[in-house]
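Note that our numbering has the sequence shown beginning at 645, numbered continuously upward.
The beta-carbon is built from N, C-alpha and C at its ideal position, and this holds for glycine as well.
Here's the structure, in structure tokens; my notes come after.
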Amino acid sequence: MMKIAVSSDNHFDVNRLDVSAMIDAQAAYLLQQRVDVYLIAGDLFNSFEKSLDYVTRLQTAVGTQVLVRFIAGNHDMGRDVSFDELETALSPYYFHHQTLDLGNWQIIGNNGWYDYSFASGPDRDQIVQFKRGLYYDRVIEQPMTDPERTQLSLKQLGVQLDAAQTAGKKVIIIQHFAPHGLDLSYPQHVARWLMINGVMGSNQYAQLYAQYPNVQQVYYGHTHQTLLTRHLGTIAYNNVSVGYQRARIPEWTAETFIESWKNKIRYKVLTND
Numbered sequence: 645m646m647k648i649a650v651s652s653d654n655h656f657d658v659n660r661l662d663v664s665a666m667i668d669a670q671a672a673y674l675l676q677q678r679v680d681v682y683l684i685a686g687d688l689f690n691s692f693e694k695s696l697d698y699v700t701r702l703q704t705a706v707g708t709q710v711l712v713r714f715i716a717g718n719h720d721m722g723r724d725v726s727f728d729e730l731e732t733a734l735s736p737y738y739f740h741h742q743t744l745d746l747g748n749w750q751i752i753g754n755n756g757w758y759d760y761s762f763a764s765g766p767d768r769d770q771i772v773q774f775k776r777g778l779y780y781d782r783v784i785e786q787p788m789t790d791p792e793r794t795q796l797s798l799k800q801l802g803v804q805l806d807a808a809q810t811a812g813k814k815v816i817i818i819q820h821f822a823p824h825g826l827d828l829s830y831p832q833h834v835a836r837w838l839m840i841n842g843v844m845g846s847n848q849y850a851q852l853y854a855q856y857p858n859v860q861q862v863y864y865g866h867t868h869q870t871l872l873t874r875h876l877g878t879i880a881y882n883n884v885s886v887g888y889q890r891a892r893i894p895e896w897t898a899e900t901f902i903e904s905w906k907n908k909i910r911y912k913v914l915t916n917d
């Protein structure tokens with residue numbers, strides 16, 4: 645029996661948190677909860693280098709009792725890493741395009757991406773222009789279009805899902821970007837939100853997972869929403885993002901980051917039945 649815990653979108657720098665204090669508090673809690681594997685679905689810092697340093701320090705703090713792994717969100721991708729590097733095994737802690745076997749379960753990690761399919765109203769050219777002019781992701785360099793990057797991600801996942809199905813593994817997926825748009829809102833009176841929804845993820849992920857009866861759970865972040873688990877067919881979709889706590893964007897579920905983080909963690913106990 646193994647217990648996994650998943651979180652996303654801690655945004656330590658945007659939230660102006662004391663990172664050393666947060667590592668101590670998170671490590672103590674993970675050990676107290678007897679977590680075996682802690683998975684982070686992206687957006688730790690606005691720098692891959694800082695995100696990797698945090699994960700390295702957290703792994704040291706929990707020792708051999710907890711395995712810590714992370715994938716990159718768009719904020720992690722913004723600085724100190726290239727597209728080519730993101731597609732390689734940069735570190736043992738970096739879990740993009742990687743798998744972890746735990747008995748008859750397999751965890752698959754993939755950063756994911758977006759293809760504008762969640763947008764309601766603006767056309768593709770308008771979203772591209774918005775991204776280049778205002779959105780954070782304009783600093784992320786890539787040698788392909790966003791829809792092409794999404795297809796690369798989906799192809800990677802398809803190969804891994806085929807292998808997991810052949811091996812008879814039950815599957816858990818960890819990705820940063822939203823795999824479906826059912827929980828997004830489309831405020832028609834706010835043009836900016838019409839654009840932002842376009843860079844939240846892609847419906848193609850949920851469509852892919854629906855083809856595999858062995859996919860049990862999907863964990864993601866990016867959208868900074870506090871939601872109940874949504875079931876699509878036999879698959880449970882869990883948004884585990886903590887989000888920002890600023891005057892105009894109060895997204896935490898409690899007064900402090902740590903309590904909000906605890907509230908948003910989702911757990912899964914894996915048994916070999």
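Check: Between Gln889 and the rest of its own chain, which residues show a CB-CB distance below 8 Å, the 5 nearest in sequence each way excluded?
Finding: The residue you call residue 889 lines up with position 245 of the sequence shown. Closer than 8 Å at the Cβ level, and outside the excluded window around Gln889, lie Asn659, Glu895, Trp896, Phe901 and Ser904.
Next item on the list: Could you spell out where the beta strand (DSSP E) holding Gly845 opens and where it closes?
Entry: For the purposes of this step, residue 845 is taken as residue 201 along the sequence shown, with counting starting at 1. First-last for Gly845: undefined, no H or E at that position.
Notebook entry, point to check: From which residue to which residue does the alpha helix (DSSP H) around Gly802 run?
Noted result: Taking the first residue of the sequence shown as position 1, residue 802 is located at position 158. For Gly802, the enclosing alpha helix (DSSP H) covers residues Asp790 to Thr810.
Notebook entry, point to check: Assuming Val815 contacts Ser651 under a Cβ cut-off of 8 Å, what Cβ separation, rounded to an integer in Å, is found between them?
Noted result: Numbered from its first residue, the sequence shown carries residue 815 at position 171. Numbered from its first residue, the sequence shown carries residue 651 at position 7. The beta-carbon distance between Val815 and Ser651, rounded to whole angstroms, is 20 Å. This is too long to meet the 8 Å contact definition.
Check: Taking the C-alpha atoms as reference points, what is the distance between Tyr856 and Thr810?
Finding: Within the sequence shown, numbered from 1, the residue matching residue 856 stands at position 212. Within the sequence shown, numbered from 1, the residue matching residue 810 stands at position 166. When rounded, the separation of the alpha-carbon atoms in Tyr856 and Thr810 is 11 Å.
Margin query: Please identify the residue among Ser735, Leu796, Phe714 and Asn690 whose C-alpha is closest to the C-alpha of Val783.
Written below: Counting from 1 along the sequence shown, the entry for residue 783 is found at position 139. Residue Asn690 is the option with its Cα nearest to Val783.
Margin query: Please return the same chain residues whose Cβ sits closer than 6 Å to the Cβ of Asn718, not counting the five positions on each side in sequence.
Written below: Along the sequence shown, one-based indexing puts residue 718 at 74. Result list for Asn718: Asp781, in chain order.
Check: Which partner residues of Leu674 appear in the DSSP bridge assignment?
Finding: Your numbering for residue 674 matches position 30 in the sequence shown. None, per the DSSP bridge assignment.
Next item on the list: Could you please give the first and the last residue of the uninterrupted beta strand (DSSP E) stretch that includes Ala880?
Entry: Start at 1 with the first residue of the sequence shown, and residue 880 comes out as number 236. Counting along the chain, the beta strand (DSSP E) containing Ala880 begins and ends at Ile879 to Asn883.
Notebook entry, point to check: Ordered along the chain, which non-local residues of its own chain (more than five positions away) have a Cβ less than 6 Å from that of Ala669?
Noted result: Indexing the sequence shown from 1 puts residue 669 at position 25. Ile902, listed in sequence order.
Next item on the list: Look up Trp749 in the DSSP assignment and give the residues it is bridged to.
Entry: Here residue 749 corresponds to residue number 105 of the sequence shown, with the count starting at 1. Paired residue(s): Leu746 and Lys814.
Next item on the list: Express the C-alpha separation of Val884 and Asn654 in angstroms, rounding to a whole number.
Entry: Here residue 654 refers to the residue found at position 10 when the sequence shown is read from its first residue. Here residue 884 refers to the residue found at position 240 when the sequence shown is read from its first residue. Using only the alpha carbons, I get a separation of about 10 Å.
Notebook entry, point to check: According to the Cβ coordinates, are Ile667 and Phe739 closer than 8 Å?
Noted result: Residue 667 sits at position 23 when you count from the first residue of the sequence shown. Residue 739 sits at position 95 when you count from the first residue of the sequence shown. Note that the C-beta distance between Ile667 and Phe739 is not below 8 Å.
Notebook entry, point to check: Anyone know if the C-beta pair for Thr873 and Ala880 falls short of 8 Å?
Noted result: Your numbering for residue 873 matches position 229 in the sequence shown. Your numbering for residue 880 matches position 236 in the sequence shown. Contact check for Thr873 against Ala880 passes: the beta carbons are separated by less than 8 Å.
Next item on the list: Out of Glu899, Arg678, Gly812 and Gln851, point me to the one whose CA is closest to Gly643's CA.
Entry: Because the chain in this structure spans residues 645 to 917, residue 643 falls outside the shown range and cannot be described.
Notebook entry, point to check: Got a sec? Which residues, its chain only, sit under 8 Å from Leu801 by beta carbon, not counting five neighbours each side?
Noted result: In the sequence shown, the residue the question calls residue 801 occupies position 157. These residues qualify, in order along the chain: Ile752, Asn754, Ile817, Tyr849 and Leu852.
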